[in-house]
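**Q**
2 protein chains.
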Amino acid sequence: MNHLARTPADIGHALRRARKINGLTQKELASKSGVWQETISKIENGLPGAKLETVFDICAALNLELLVVKRSKGTTDFLEE
Amino acid sequence: MNHLARTPADIGHALRRARKINGLTQKELASKSGVWQETISKIENGLPGAKLETVFDICAALNLELLVVKRSKGTTDFLEE
DNA sequence: CTTATTTATGATCTTTAGGTCATAATTCTT
DNA sequence: AAGAATTATGACCTAAAGATCATAAATAAG
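Protein chains in written order, with our numbering: chain A, 1 to 81; chain B, 82 to 162.
Set out below in structure tokens:
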């Protein structure tokens, strides 16, 4: 599963989903990523203005990466898990 | 063309590339996105810690979006322009 | 229902991104 | 090579993110 993201909230949803799939608690993700549990909570809830670096730190811990692509109104599920 | 991004520098490269393809100067992108030319310059050069929101503002102006996907060592060019 | 675990909130402090202006350095035109 | 346009840097200031600790609220277990 992959997630399209155009807003901080989108990123938050994607990260929460990935964390759940990996069976991690925020605290566990925190120690894996070096990002505070409180910060993870805020990001998952779409706080505006999170730092890119922080997002990348979390992505790395969840084995995720971002793709910069042209906007598509259509489906975004062309990349399967 | 789409870009894989794991660091702020990756995002910067992707955005610069997209801007060039769209034939925009930083100043033009700035007025389209509401982000300062100076800030765009810094982001394109990979300054660490840019805000997610700022990146999204630029993406929107360039008609781009992000995809959160599992890391793949392999090719990332499965999404064609 | 109670307890334990997980997640969300709140406050304070420090650091830093971005707005803003000025200007230096680089690149492009002619 | 000049001159113009574009991009990079530097300083200052303000707003806000993240570190950190404490704790409240919500969810899961027993």
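Quick reminder that beta carbons are idealized off the backbone N, C-alpha and C, glycines included.
Give me the chain A residues within the contact set of asparagine 103 of chain B, using Cβ-Cβ distance strictly less than 8 Å, ordered along the chain.
**A** Neighbours of asparagine 103 of chain B on chain A: none; closest Cβ ~11 Å, over 8 Å.
**Q** Return no unless some Cβ of chain B is closer than 8 Å to the Cβ of arginine 16 of chain A.
**A** no
**Q** Is DSSP giving valine 35 of chain A helix, strand or coil here?
**A** In this structure, valine 35 of chain A counts as coil in the three-state DSSP scheme.
**Q** Is it the case that the Cβ atoms of leucine 67 of chain A and valine 136 of chain B are separated by a distance below 8 Å?
**A** no
**Q** For lysine 103 of chain B and leucine 110 of chain B, what's the separation of their Cα atoms in angstroms?
**A** Going by the sequence as given, residue 103 of chain B is asparagine instead of lysine. When rounded, the distance between both Cα atoms is 10 Å.
**Q** Does the count of Cβ pairs from the segment 31-45 of chain A and the segment 116-129 of chain B closer than 8 Å reach three?
**A** No, because fewer than three Cβ pairs between the segment 31-45 of chain A and the segment 116-129 of chain B fall closer than 8 Å, the two stretches do not touch.
**Q** Which stretch, first to last residue, makes up the beta strand (DSSP E) that contains alanine 5 of chain A?
**A** Where alanine 5 of chain A is concerned, the enclosing beta strand (DSSP E) stretches over 3-5.
**Q** Give me the Cα-Cα distance between asparagine 2 of chain A and glycine 12 of chain A, rounded to the nearest whole angstrom.
**A** 13 Å
**Q** Any C-beta of chain A within less than 8 Å: which residues of the segment 138-152 of chain B qualify?
**A** Cys140, Ala141, Asn144, Leu145, Glu146, Leu147, Leu148, Val149, Val150, Lys151, Arg152
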